[in-house]
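A.B. asks: Chains A and B, in that order, are what the protein sequence lines are. Residue numbering for the first sequence follows our numbering, starting at 88 and increasing by one per position. Residue numbering for the second sequence follows our numbering, starting at 325 and increasing by one per position. Dropping the structure in here first, questions after.
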Amino acid sequence: MDNMKMRAQLKGDVVEVKVLMSHPMETGRRKDDFDRLIPAHFVQLLTATLNGKTVLEAQWGTGISKNPYLTFRLKGAKVGDIVAVTWHDNHGETATQDIAVTQA
Amino acid sequence: MQRRNFLLGVAALIVLMPVRVLAALWNKAAFESVRLNDASRKLEINAEIPSADIQIIAPDRAENGAIVQVEVKSAIADTEAIAIFVEKNPTPLIANFIFSNGAEPYVVTRIKMAETSDIKIVVKAGERYFTAAKNVVVLENGCG
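So, in structure tokens, the structure goes:
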């Protein structure tokens with residue numbers, strides 16, 4: 088589950104970070120073709136850091152769409168700074184990805 | 325052998341620790357609440373003040389409730405957190421975002437909506453809570 092797509096671009100004095108994650112985000116209420124419930128499987132926690140310092144902490148429920156998408160903005164970041172995103176799901180799975188800030 | 329076992333034990337602790345810490349962080353009671361008021365209370369939200377300084381950009385009508393893009397921006401000074409609720413979802417609390425160290429009180433994400441409902445936003449600024457809502461008409465259920 089390491090296929091996280093990220094982009095971090097400096098626009099004016101703000102860095103805009105866009106993240107697209109690959110995750111089923113199952114609610115636990117859906118049924119398969121044989122009428123059996125598909126167990127809940129969803130990202131619960133997401134953290135973002137700028138050069139190792141926490142900038143965003145998110146708690147998620149099952150209401151975030153499949154293959155979660157996220158945009159956030161950082162002030163005081165420069166070209167070359169490292170933005171990292173890590174998620175943890177309810178199965179104990181985790182993924183991390185980082186990217187350097189580029190000029191838009 | 326004892327030393328080896330000890331080291332293995334330490335290694336296991338280090339591996340397991342983050343999961344425990346994270347489990348403690350996730351607000352299970354709030355996310356599993358089936359009523360918005362309960363979810364809200366479990367996030368310790370109280371005395372919400374309606375605010376025009378919260379901007380919510382979401383479609384008026386969503387063809388597919390499985391993917392509804394929501395953009396939230398708070399112009400309230402000292403915004404620390406933005407919580408997103410969908411009033412009529414089976415579990416109304418969608419997400420809670422906590423900002424620090426220069427992150428702007430701004431977020432865009434995509435959410436599931438079971439039916440036509442208000443998207444309710446609650447902003448935490450210091451010990452005060454502010455709220456705004458936007459109604460989205462859902463043509464096709466997205467919770468399944």
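Ideal placement from N, C-alpha and C gives every residue a C-beta, glycine not left out.
Classify ASP402 (chain B) as helix, strand or coil using the three-state DSSP reduction.
C.D. replies: The residue given as residue 402 (chain B) occupies position 78 in the second sequence. Three-state DSSP puts ASP402 (chain B) in coil, outside helix and strand.
A.B. asks: For the alpha helix (DSSP H) holding SER364 (chain B), just list the boundary residues, first then last.
C.D. replies: Walking along the second sequence from the start, residue 364 (chain B) turns up at place 40. 360–366 is the extent of the alpha helix (DSSP H) around SER364 (chain B).
A.B. asks: For ASP185 (chain A), list the residues DSSP reports as bridge partners.
C.D. replies: In the first sequence, residue 185 (chain A) corresponds to position 98, counting from 1. According to DSSP, which records beta bridges pairwise, ASP185 (chain A) is partnered with A:ALA171.
A.B. asks: Could I get the ranges of all uninterrupted beta strand (DSSP E) runs contained in the segment 89–177 of chain A, with 3 residues as the minimum, in chain order?
C.D. replies: Listed in chain order, the complete beta strand (DSSP E) runs (minimum 3 residues) inside the segment 89–177 of chain A are 92–98, 101–107, 130–137, 140–147, 156–162 and 169–176.
A.B. asks: Taking C-alpha atoms, which residue in B:ASP362, B:MET437 and B:THR433 lies nearest to VAL461 (chain B)?
C.D. replies: Mapped onto the second sequence, residue 461 (chain B) falls at position 137. Nearest of B:ASP362, B:MET437 and B:THR433 to VAL461 (chain B), Cα basis: B:MET437.
A.B. asks: On the DSSP bridge list, what partners appear for PHE421 (chain B)?
C.D. replies: For the purposes of this step, residue 421 (chain B) is taken as the residue at position 97 of the second sequence. According to DSSP, PHE421 (chain B) bridges with A:ALA145 and B:ILE406.
A.B. asks: Report yes if the CB atom of ILE400 (chain B) is closer than 8 angstroms to the CB atom of ILE378 (chain B), and no otherwise.
C.D. replies: As a working note, residue 400 (chain B) is residue 76 in the second sequence. As a working note, residue 378 (chain B) is residue 54 in the second sequence. Contact flag set, yes.
A.B. asks: Quick check on GLU395 (chain B): does DSSP put it in helix, strand or coil?
C.D. replies: Here residue 395 (chain B) is taken as the residue at index 71 of the second sequence, counted from 1. Strand, per DSSP.
A.B. asks: DSSP three-state label for ALA390 (chain B), please.
C.D. replies: Here residue 390 (chain B) is taken as the residue at index 66 of the second sequence, counted from 1. Reduced to three states, the DSSP call for ALA390 (chain B) is coil.
A.B. asks: Can you give the Cα-Cα distance for THR141 (chain A) and LEU124 (chain A), rounded to whole angstroms?
C.D. replies: By one-based count along the first sequence, residue 141 (chain A) stands at place 54. By one-based count along the first sequence, residue 124 (chain A) stands at place 37. Straight-line Cα distance between these residues: approximately 37 angstroms.
A.B. asks: Any beta carbon of chain B sitting closer than 8 angstroms to that of LYS98 (chain A)?
C.D. replies: The sequence position of residue 98 (chain A) within the first sequence is 11, counting from 1. Taking Cβ atoms only, chain B never reaches closer than 8 angstroms to LYS98 (chain A), which makes this a no.
A.B. asks: At least one CB of chain B closer than 8 angstroms to the CB of THR139 (chain A): is that the case?
C.D. replies: Within the first sequence, residue 139 (chain A) is the residue found at index 52, counting from 1. Note on residue identity: the sequence assigns Gly, not Thr, to residue 139 (chain A). So no, GLY139 (chain A) is outside the interface.
A.B. asks: Would you please state the rounded distance, in angstroms, between the beta carbons of ILE469 (chain B) and ILE445 (chain B)? I believe it to be under 8 angstroms.
C.D. replies: Lying outside 325 to 468, the shown extent of chain B, residue 469 (chain B) is not represented and no answer is given.
A.B. asks: In the DSSP assignment, find the unbroken beta strand (DSSP E) run with LYS412 (chain B) in it and report its ends.
C.D. replies: Against the second sequence, residue 412 (chain B) aligns to sequence position 88. Per DSSP, LYS412 (chain B) belongs to no beta strand (DSSP E) and is neither H nor E.
A.B. asks: Taking its Cβ as the centre, do 16 or more other Cβ atoms sit within 10 Å of MET325 (chain B), making it buried, or is it exposed?
C.D. replies: Numbered from its first residue, the second sequence carries residue 325 (chain B) at position 1. Its pLDDT being 49, under 50, MET325 (chain B) is placed unreliably by the model, and nothing is read from it.
A.B. asks: Could you give the distance in angstroms between the alpha-carbon of GLU411 (chain B) and the alpha-carbon of ASN459 (chain B)?
C.D. replies: Locating residue 411 (chain B) in the second sequence gives position 87, where the first residue counts as 1. Locating residue 459 (chain B) in the second sequence gives position 135, where the first residue counts as 1. Whole-angstrom Cα-Cα distance: 10 angstroms.
A.B. asks: Mind checking whether PHE159 (chain A) and VAL394 (chain B) have CB atoms under 8 angstroms apart?
C.D. replies: Residue 159 (chain A) sits at position 72 when you count from the first residue of the first sequence. Residue 394 (chain B) sits at position 70 when you count from the first residue of the second sequence. It is not a contact, given that the beta carbons lie outside the stated cut-off.
A.B. asks: Please list, in chain order, the chain A residues whose beta carbon lies closer than 9 angstroms to that of ALA457 (chain B).
C.D. replies: One-based indexing of the second sequence puts residue 457 (chain B) at position 133. Correct list: empty, because the minimum Cβ distance to chain A is about 16 angstroms.
A.B. asks: Taking just the CA atoms, how far does THR189 (chain A) sit from VAL101 (chain A)?
C.D. replies: Looking up residue 101 (chain A) in the first sequence gives position 14. Looking up residue 189 (chain A) in the first sequence gives position 102. C-alpha separation (whole angstroms): 11 angstroms.
A.B. asks: Answer with buried or exposed for ILE381 (chain B), where buried requires no fewer than 16 other C-beta atoms within 10 angstroms of its C-beta.
C.D. replies: Your numbering for residue 381 (chain B) matches position 57 in the second sequence. With fewer than 16 Cβ atoms within 10 Å of its Cβ, ILE381 (chain B) is classed as exposed.
A.B. asks: So which of A:PRO126, A:TRP147 and A:GLY139 has the shortest CA-CA distance to LEU133 (chain A)?
C.D. replies: Position 46 of the first sequence, counted from the first residue, corresponds to residue 133 (chain A). Here the closest residue by C-alpha is A:TRP147.
A.B. asks: Excluding the 5 residues flanking ALA127 (chain A) on each side, which residues of the same chain have their C-beta closer than 7 angstroms to its C-beta?
C.D. replies: As a working mapping, residue 127 (chain A) is identified with position 40 in the first sequence. Excluding positions up to five away in sequence, the list reads GLU113, THR114, GLY115, THR149 and ASN177.
A.B. asks: Counting contacts by CB-CB distance shorter than 8 angstroms, is LYS436 (chain B) in contact with chain A?
C.D. replies: As a working mapping, residue 436 (chain B) is identified with position 112 in the second sequence. Interface residue, yes.
A.B. asks: Could you work out which residue in A:LEU137, A:ARG117, A:MET91 and A:LEU157 is closest to VAL166 (chain A) when comparing CA atoms only?
C.D. replies: Here residue 166 (chain A) refers to the residue found at position 79 when the first sequence is read from its first residue. Of A:LEU137, A:ARG117, A:MET91 and A:LEU157, the residue nearest in Cα terms is A:LEU137.
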